[in-house]
Amino acid sequence: MKKLIDAYERKIDYLRISVTDRCNLRCVYCMPPEGIGLIESKEILRYEELLRIARIAVAHGVTKIRVTGGEPLVRKGIIEFLAALSAMEGLEDLSLTTNGVLLKEFAKELKGAGLKRVNVSLDSMKRDRFIKMTRGDNLAQVLEGLEEAHMAGLRPVKINMVVIKGFNEDEVLDFAFMSKSKPYHVRFIEYMPFNTQEGWQRDKCLTAKQLKEMIDAVEPLIPVTDTSGSAGPARRYKFKDAPGEVGFISPVSEHFCGSCNRLRLTSDGKLRTCLFSDNEIDIRKALRDGSSDEVVEHLLFKAVAEKPMGHQINENIFKKCSRTMSLIGG
Ligand code: SAM
Ligand code: SF4
Numbered sequence: 000m001k002k003l004i005d006a007y008e009r010k011i012d013y014l015r016i017s018v019t020d021r022c023n024l025r026c027v028y029c030m031p032p033e034g035i036g037l038i039e040s041k042e043i044l045r046y047e048e049l050l051r052i053a054r055i056a057v058a059h060g061v062t063k064i065r066v067t068g069g070e071p072l073v074r075k076g077i078i079e080f081l082a083a084l085s086a087m088e089g090l091e092d093l094s095l096t097t098n099g100v101l102l103k104e105f106a107k108e109l110k111g112a113g114l115k116r117v118n119v120s121l122d123s124m125k126r127d128r129f130i131k132m133t134r135g136d137n138l139a140q141v142l143e144g145l146e147e148a149h150m151a152g153l154r155p156v157k158i159n160m161v162v163i164k165g166f167n168e169d170e171v172l173d174f175a176f177m178s179k180s181k182p183y184h185v186r187f188i189e190y191m192p193f194n195t196q197e198g199w200q201r202d203k204c205l206t207a208k209q210l211k212e213m214i215d216a217v218e219p220l221i222p223v224t225d226t227s228g229s230a231g232p233a234r235r236y237k238f239k240d241a242p243g244e245v246g247f248i249s250p251v252s253e254h255f256c257g258s259c260n261r262l263r264l265t266s267d268g269k270l271r272t273c274l275f276s277d278n279e280i281d282i283r284k285a286l287r288d289g290s291s292d293e294v295v296e297h298l299l300f301k302a303v304a305e306k307p308m309g310h311q312i313n314e315n316i317f318k319k320c321s322r323t324m325s326l327i328g329g
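In terms of numbering that gives the first Met the number 0, the sequence shown is residues 0 to 329.
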């Protein structure tokens with residue numbers, strides 16, 4: 000079967016599916032306090048529609064799927080959906096990104112559904128700051144969720160920390176050192192520009208290089224040379240004899256567009272060709288008007304063909320995209 004390859008010879012084998020725009024938190028860099036205008040339920044793709052797209056994408060070379068949101072664990076039926084995905088022949092890697100609030104409750108069921116690993120977003124381990132950053136008082140639940148996920152056998156448990164200058168950079172070492180006492184993979188993500196109320200300023204974004212220097216100055220990080228893990232664009236390191244890892248993801252300072260293998264599907268059925276481009280291809284209409292698989296397939300190929308070479312965050316012409324991460328699916 001013909002594979003999804005874009006105009007720049009990049010093989011597209013990774014699909015991110017956002018299953019909902021709803022969320023039980025309101026992170027300052029992602030949503031305004033009142034939340035965002037919710038997409039009407041009838042506009043959200045049903046699970047059978049998502050599975051149809053996934054099946055067609057897998058038939059054309061997608062081997063990795065990440066389920067995200069909004070907060071994926073707030074959508075009813077998510078376990079059954081993940082079980083159906085994990086049973087899909089040809090799909091080699093299935094993962095989930097969550098804010099961890101409901102992880103304790105769902106960890107065993109997630110494992111039972113066939114999920115292998117989980118990414119948990121956590122930006123502060125101080126209760127007051129967690130409240131300020133997420134506008135929710137759920138730190139204890141997230142920390143318990145991390146433990147429960149590990150105990151349930153989800154491996155590795157990755158912790159994603161978005162670092163914002165003047166907000167949480169004083170916790171970078173605490174986060175990095177978590178990998179010395181627990182087998183977690185702690186990853187630092189550069190703060191990216193989206194259309195959020197708080198606004199993005201370049202000087203609030205600490206680069207991966209700066210973050211690594213901060214850590215190295217206290218204890219040197221050793222590069223991880225084993226490439227078997229599912230690191231994606233993360234640069235991987237570890238401390239000597241540590242059970243866990245430390246990673247850096249630098250979408251702003253050193254973008255990885257040249258090796259981008261992703262396509263994103265929003266919860267209302269739009270294929271996005273790049274996280275930072277507002278170019279969207281509507282796939283929902285075809286799913287609902289009785290179109291054949293060939294038509295859906297054609298739209299997937301069209302999205303891949305329209306993938307831009309790279310984002311333009313670092314150029315003067317860059318415009319923040321109109322959707323926030325919660326609507327795109329991070
Ligand atoms: N609700 C889930 C969560 O928070 O993990 C999944 C969706 S969330 C949109 C996915 C990821 O996007 C999170 O790790 C979050 O920290 C990240 N994110 C959202 N806005 C961001 C921004 N402006 N810069 C960097 N990362 C961002
Ligand atoms: Fe919700 Fe995730 Fe956005 Fe935070 S980052 S508001 S948890 S979707």
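Glycine residues also receive a C-beta, built at the ideal position from the N, C-alpha and C atoms.
Is the beta carbon of residue i less than 7 Å from the beta carbon of residue j?
i           : j           : result
residue 119 : residue 189 : no
residue 207 : residue 249 : yes
residue 182 : residue 243 : yes
residue 266 : residue 43  : yes
residue 269 : residue 279 : yes
residue 68  : residue 85  : no
residue 66  : residue 18  : yes
residue 139 : residue 178 : no
residue 16  : residue 295 : no
residue 185 : residue 174 : yes
residue 117 : residue 95  : yes
residue 70  : residue 29  : no
residue 232 : residue 273 : no
residue 81  : residue 97  : no
residue 217 : residue 237 : no
residue 286 : residue 48  : yes
residue 143 : residue 107 : no
residue 32  : residue 128 : no
residue 99  : residue 141 : yes
Measure the C-alpha to C-alpha separation of residue i and residue j and round it to an integer number of angstroms.
i           : j           : result
residue 101 : residue 137 : 10 Å
residue 110 : residue 152 : 7 Å
residue 332 : residue 25  : Because the chain here runs from 0 to 329, residue 332 falls outside it and cannot be looked at.
residue 203 : residue 74  : 33 Å
residue 88  : residue 157 : 25 Å
residue 12  : residue 2   : 9 Å
residue 10  : residue 90  : 15 Å
residue 105 : residue 93  : 16 Å
residue 132 : residue 291 : 45 Å
residue 246 : residue 221 : 11 Å
residue 235 : residue 159 : 13 Å
residue 299 : residue 180 : 43 Å
residue 5   : residue 262 : 11 Å
residue 214 : residue 176 : 9 Å
residue 196 : residue 283 : Low confidence applies here, because residue 196 scores a pLDDT of 49, under 50, leaving its location unreliable and the question unanswered by this model.
residue 14  : residue 264 : 7 Å
residue 34  : residue 0   : 42 Å
residue 63  : residue 200 : 33 Å
residue 191 : residue 163 : 10 Å
residue 288 : residue 20  : 23 Å
residue 46  : residue 57  : 16 Å
residue 50  : residue 155 : 25 Å
residue 8   : residue 260 : 10 Å
residue 211 : residue 239 : 15 Å
residue 130 : residue 59  : 43 Å
Any idea which residues DSSP pairs residue i with across the strands?
i           : result
residue 183 : DSSP lists no partner for residue 183.
residue 10  : 4
residue 169 : In the DSSP output, where bridge partners are listed per residue, residue 169 has none listed.
residue 174 : In DSSP, residue 174 forms no bridge with anything.
residue 119 : 97 and 158
residue 247 : 187 and 234
residue 373 : Residue 373 falls outside the range modelled here, since the chain spans only 0 to 329, and no answer is possible.
residue 262 : 14
residue 204 : 163
When you compare the CB of residue i with every CB in chain C, is at least one pair closer than 7 Å?
i          : result
residue 19 : The structure shown contains no chain C, having only a single protein chain.
Consult DSSP for residue i and reduce its assignment to one of helix, strand or coil.
i           : result
residue 231 : coil
residue 97  : strand
residue 133 : helix
residue 256 : helix
residue 65  : strand
residue 40  : helix
residue 291 : coil
residue 20  : coil
residue 92  : strand
residue 196 : Reliability of the predicted coordinates at residue 196 is poor, the pLDDT of 49 falling under 50, and no value is obtained from them.
residue 222 : strand
residue 303 : helix
residue 47  : helix
residue 151 : coil
residue 27  : coil
residue 87  : coil
Between the segment 118 to 134 and the segment 165 to 180, do at least 3 Cβ pairs fall closer than 8 Å?
yes
Can you find at least 3 beta carbon pairs, one from the segment 142 to 149 and one from the segment 26 to 42, that sit closer than 8 Å?
no
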